[in-house]
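See below for the structure under consideration.
Protein chains: 4
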Amino acid sequence: MGRSSVGNRVPRPTRTESDTERRVAAVPRTTDGDGTPVPQRLLAAATRLFAEQGYDRTSVQEIVEAAGVTKGALYHYFGSKDDLLHEVYARVLRLQQERLDHFAGADEPIEKRLRGAAADVVVTTIENLDDASIFFRSMHHLGPEKNKQVRAERRRYHERFRALIEEGQREGVFSTATPADLVVDYHFGSVHHLSTWYRPDGPLSPQEVADHLADLLLRALRP
Amino acid sequence: MGRSSVGNRVPRPTRTESDTERRVAAVPRTTDGDGTPVPQRLLAAATRLFAEQGYDRTSVQEIVEAAGVTKGALYHYFGSKDDLLHEVYARVLRLQQERLDHFAGADEPIEKRLRGAAADVVVTTIENLDDASIFFRSMHHLGPEKNKQVRAERRRYHERFRALIEEGQREGVFSTATPADLVVDYHFGSVHHLSTWYRPDGPLSPQEVADHLADLLLRALRP
Amino acid sequence: MGRSSVGNRVPRPTRTESDTERRVAAVPRTTDGDGTPVPQRLLAAATRLFAEQGYDRTSVQEIVEAAGVTKGALYHYFGSKDDLLHEVYARVLRLQQERLDHFAGADEPIEKRLRGAAADVVVTTIENLDDASIFFRSMHHLGPEKNKQVRAERRRYHERFRALIEEGQREGVFSTATPADLVVDYHFGSVHHLSTWYRPDGPLSPQEVADHLADLLLRALRP
Amino acid sequence: MGRSSVGNRVPRPTRTESDTERRVAAVPRTTDGDGTPVPQRLLAAATRLFAEQGYDRTSVQEIVEAAGVTKGALYHYFGSKDDLLHEVYARVLRLQQERLDHFAGADEPIEKRLRGAAADVVVTTIENLDDASIFFRSMHHLGPEKNKQVRAERRRYHERFRALIEEGQREGVFSTATPADLVVDYHFGSVHHLSTWYRPDGPLSPQEVADHLADLLLRALRP
DNA sequence: CATGAATGAGTTTTCATTCAT
DNA sequence: GATGAATGAAAACTCATTCAT
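Have a look at this one:
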């Protein structure tokens with residue numbers, strides 16, 4: 001539950017993933033320092049450094065040094081520095097979409113489902129503040145093609161969330177005073193903002209912040 | 001309502017400002033192409049480019065070319081690229097603080113004053129979207145000293161705004177369910193976020209967006 | 001007896017030297033034009049140019065052009081232009097200390113040992129006039145840390161030499177009229193000065209100059 | 001008797017000197033801070049800065065700031081940065097030549113005259129250590145023409161000094177074991193070297209150092 | 001699989017000097 | 001006499017990427 005956590009899926013652009021999942025020994029043997037395989041180590045190092053210093057301020061050299069490998073190794077696993085950033089995004093997007101789907105699809109009244117989703121995105125954002133910082137500050141560093149791709153996924157997420165609000169508005173439990181689109185942006189603004197002000201050693205736990213922000217959203221939506 | 005607007009104060013890093021304030025004609029007459037003096041031209045070009053491409057992705061070369069001057073001229077007026085960024089910040093901070101003071105000090109009930117301030121910051125942010133983008137994406141590019149300075153001014157602004165909410169809470173017109181601090185961050189999250197999604201050619205005018213967002217804030221604060 | 005001679009040690013700033021000592025073949029085989037490896041070529045070019053034009057007047061561009069490599073290559077081997085200068089110093093200091101130790105530790109009367117050391121430093125200085133010019137004109141260009149390091153080694157050399165004189169003074173074969181410290185500076189003043197006036201095509205061979213200067217020193221020390 | 005002292009002759013390349021000597025009021029009225037006229041202030045500032053940082057490391061901007069004038073003023077009095085350096089040299093050379101002439105032409109035995117000259121150059125060098133540092137470290141920074149000029153004056157000085165030694169050798173009071181030329185360089189080597197090791201707060205006064213060094217010279221010349 | 005030497009275009013910044021006022 | 005804005009060329013250094021081994 002540290003600042004940044006690299007998921008357990010190995011991005012291997014040059015290989016298919018399916019066959020490495022099953023046999024543990026298939027993961028590249030090169031695990032030098034600790035037991036973590038090289039690509040994960042690179043991704044973790046890149047995530048931390050990108051969050052700390054920004055994408056442009058982080059050199060490939062720094063990343064490979066932090067990961068304890070050589071440049072050749074990085075370019076063996078990732079096509080470019082850009083690729084590395086894209087992988088970070090991919091991981092976060094996948095995670096958030098999964099969690100939203102889970103909460104949105106629950107068998108509960110709309111109010112509960114929205115509150116659950118709204119609070120959960122806050123908690124997971126705080127638990128991965130590094131990823132969040134990168135996400136909201138470095139998106140424009142992606143090349144146009146990958147940028148498009150990320151934006152598309154982002155939009156799917158936004159629409160899924162908006163659908164929840166519209167559902168509540170149709171049922172009359174949420175006010176229609178404000179367009180659902182705007183409400184989504186209102187809430188996600190505060191989520192983005194978390195990486196600016198939230199400190200793990202502050203007075204509020206992630207869950208408390210999440211409850212407060214979800215509360216504000218639902219209070220604003222009261223008819 | 002342009003994207004970016006450069007103020008009318010000439011930055012003169014090597015001198016105190018006081019003596020140039022008196023004589024209006026002291027502003028360098030060197031205005032080459034158009035009638036705008038060089039420092040303003042540089043500031044305007046930098047603002048636009050920083051917003052479009054980010055601070056790190058914008059080279060000094062690009063800035064001086066856009067401003068139609070030479071690199072030497074830039075370094076004659078500004079100590080560094082960093083300085084240029086700082087000037088953008090200083091201008092925005094000054095403007096926002098002034099406007100907040102105006103609304104907060106008005107002779108009106110607290111609800112009206114908060115709504116006025118909350119809506120106004122949205123309108124002026126939209127009217128200076130470039131400045132806003134820079135503000136919320138590039139602050140960490142400032143050197144540590146200037147960073148401190150900007151953060152301090154930022155904090156003053158935050159506290160002024162928080163005081164409004166607390167005033168309403170004390171009077172009983174705003175709910176105390178959420179700490180005022182968190183409410184401020186909630187609102188400013190959505191303000192920061194504007195530069196991500198707001199498009200001038202979209203369906204909503206700046207004022208409409210402002211009214212909606214201020215409305216959401218006040219609805220969330222209803223007891 | 002060339003103007004400058006670059007040693008056979010490869011500077012590898014990013015690694016400890018110990019592991020490259022073992023395997024002779026570890027010296028990079030990349031020797032483009034002639035057979036000399038890149039770092040040596042750079043060091044030789046830098047030495048010549050620093051001596052001819054001074055440190056500040058020599059651009060990194062000139063060095064890499066003279067060495068027939070690119071700037072990137074230089075910065076691959078040396079951390080900075082400063083580093084390059086430091087390597088020149090390190091080589092000279094090592095050489096001089098070795099030779100002094102050799103003469104000072106010989107099994108001979110003190111007069112012969114001092115004369116031998118005093119003459120030898122003249123010969124080797126003349127044989128490496130470039131290094132000497134750099135040494136005595138560019139030391140102050142080193143950053144403070146490296147400056148300290150060089151000064152410390154320099155002092156060790158000075159003290160070793162002074163010890164010889166003091167030994168002779170204690171034995172009564174050298175006059176005690178002048179403090180040994182001052183005598184050392186007197187002699188080394190003339191050694192430094194060599195790079196100002198000595199010309200290889202002049203009437204005196206290095207050995208002749210050395211004999212004369214050592215003679216002056218010993219005559220001045222006669223009781 | 002501070003580190004560096006600028007003589008009382010105003011270098012005015014663009015004007016004749018003769019008419020400003022007589023009438024005090026003819027000295028340019030621009031004496032801003034203290035009462036010293038601008039050119040002297042510039043020369044003094046340049047001398048100090050050149051000695052401290054070297055010629056190349058000292059910018060024209062630093063000089064004018066230290067002197068409390070503007071760049072325009074500097075270029076009004078001196079044709080270039082190079083000119084400034086040349087003026088420093090000219091002053092030192094003039095002074096040393098005068099003093100040597102004085103001692104060499106005295107009505108005394110050759111031994112006394114040589115000792116006097118040898119000691120005096122040490123004292124005046126120590127009293128103007130800044131000038132000396134500049135002299136021995138920055139001569140090669142002069143353009144070829146001025147370089148030639150300085151070298152010529154330097155040679156005159158050297159020859160004057162050598163003549164003293166040869167006179168003694170002819171009279172049989174100095175040994176002829178070493179060529180007079182070499183003896184001169186031996187002594188001046190130690191004079192140059194002074195700026196490397198002499199510290200005003202050290203144990204020896206300038207006169208003591210001078211006596212010791214002159215003593216060493218004369219002892220070395222004993223037949 | 002992995003290395004690390006090498007590239008080359010790029011970066012920000014400095015600075016002596018000029019010139020209109 | 002003096003100003004200081006502006007120039008333009010050059011400075012040191014960085015860095016993502018490639019490729020022979």
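Residue numbers (the UniProt record's numbering), protein chains in the order written: chain A, 1 to 223; chain B, 1 to 223; chain C, 1 to 223; chain D, 1 to 223.
A virtual CB, placed ideally from N, CA and C, is assigned to each residue, including glycine.
For clarity, every value in this text was computed on a predicted model and none was experimentally measured.
For residue i, the three-state DSSP class (helix, strand or coil)
| i | result |
| --- | --- |
| B/Ala-118 | helix |
| C/Arg-154 | helix |
| C/Asp-211 | helix |
| B/Arg-137 | helix |
| B/Pro-223 | coil |
| C/Pro-37 | coil |
| B/Ser-205 | coil |
| D/Leu-142 | coil |
| C/Asn-147 | helix |
CA-to-CA distance, residue j to residue i, given in whole angstroms
| i | j | result |
| --- | --- | --- |
| B/Leu-74 | B/Thr-47 | 14 Å |
| C/Val-121 | B/Gly-68 | 60 Å |
| B/Leu-221 | B/Ala-214 | 11 Å |
| C/Ala-26 | B/Arg-151 | Legend: pLDDT at C/Ala-26 = 38, less than 50; position of this residue unreliable, value from coordinates given subsequently. Each residue's alpha carbon lies about 52 Å from the other. |
| A/Gln-169 | A/Ser-175 | 6 Å |
| D/Asp-201 | C/Ala-163 | 24 Å |
| residue 224 of chain B | A/Val-184 | Chain B is shown from 1 up to 223; residue 224 of chain B falls before or after that span and cannot be answered. |
| A/Arg-94 | B/Asp-82 | 37 Å |
| C/Pro-109 | C/Glu-171 | 10 Å |
| B/Phe-188 | A/Glu-65 | 38 Å |
| B/His-158 | B/Ser-190 | 14 Å |
| B/Val-88 | C/Arg-156 | 55 Å |
| C/His-212 | C/Ile-134 | 24 Å |
| C/Gly-72 | D/Tyr-186 | 44 Å |
| C/His-76 | B/Val-123 | 52 Å |
| A/Arg-99 | A/Thr-196 | 23 Å |
| A/Gln-96 | B/Val-92 | 34 Å |
| B/Lys-146 | A/Glu-52 | 18 Å |
| B/Ser-59 | A/Ala-132 | 27 Å |
| D/Glu-153 | C/Gly-143 | 35 Å |
| A/Phe-50 | D/Phe-50 | 44 Å |
| D/Arg-41 | D/Thr-70 | 12 Å |
| D/Val-173 | D/Ala-210 | 21 Å |
C-beta contact flag for residue i and residue j at 8 Å
| i | j | result |
| --- | --- | --- |
| D/Ala-180 | D/Glu-166 | yes |
| C/Arg-113 | C/Ala-106 | yes |
| B/Arg-160 | B/Ala-104 | yes |
| A/Arg-216 | A/Ile-126 | Arg is not the amino acid found at residue 216 of chain A; the sequence shown has Leu there. No, they are not a contact pair. |
| C/Asp-56 | D/Arg-57 | yes |
| C/Leu-85 | C/His-141 | yes |
| C/His-192 | D/His-102 | no |
Per-residue contacts from residue i into chain A (C-beta, under 7 Å)
| i | result |
| --- | --- |
| B/His-193 | Asp-185, Phe-188, Gly-189 and His-192 |
Contact list for residue i against chain C, beta-carbon separation under 9 Å
| i | result |
| --- | --- |
| D/Asp-215 | Ala-177, Thr-178 and Ala-220 |
| D/Leu-42 | Within 9 Å Cβ-Cβ: nothing; D/Leu-42 doesn't reach chain C, min ~22 Å. |
Within chain B, partners of residue i - CB distance below 7 Å
| i | result |
| --- | --- |
| A/Asp-56 | Asp-56 and Arg-57 |
| A/Arg-137 | Arg-137 |
| A/His-102 | Neighbours of A/His-102 on chain B: none; closest Cβ ~24 Å, over 7 Å. |
8 Å Cβ cut-off: residues of chain D touching residue i
| i | result |
| --- | --- |
| C/His-86 | Within chain D, no residue comes near C/His-86; the closest Cβ sits about 17 Å away, beyond 8 Å. |
Chain-ordered neighbours of residue i on chain D, where CB pairs are closer than 7 Å
| i | result |
| --- | --- |
| C/His-76 | Those within 7 Å of C/His-76 in chain D number zero; the least Cβ separation is about 27 Å. |
Proximal chain B residues relative to residue i, where beta-carbon distance stays under 9 Å
| i | result |
| --- | --- |
| A/Leu-93 | Per Cβ cutoff of 9 Å: no residues; A/Leu-93 is ~16 Å from chain B at best. |
Contact list for residue i against chain C, beta-carbon separation under 8 Å
| i | result |
| --- | --- |
| D/Leu-164 | Simply none; closest approach about 16 Å. |
Within the stretch 156-188 of chain A, ranges of the beta strand (DSSP E) (whole runs, at least 3 residues): With a minimum length of 3 residues, there is no unbroken run of beta strand (DSSP E) contained wholly in the stretch 156-188 of chain A.
4 or more residues per run - each alpha helix (DSSP H) lying fully within the stretch 39-116 of chain B: Counting only runs of 4 or more, we get 60-67, 71-77 and 81-104.
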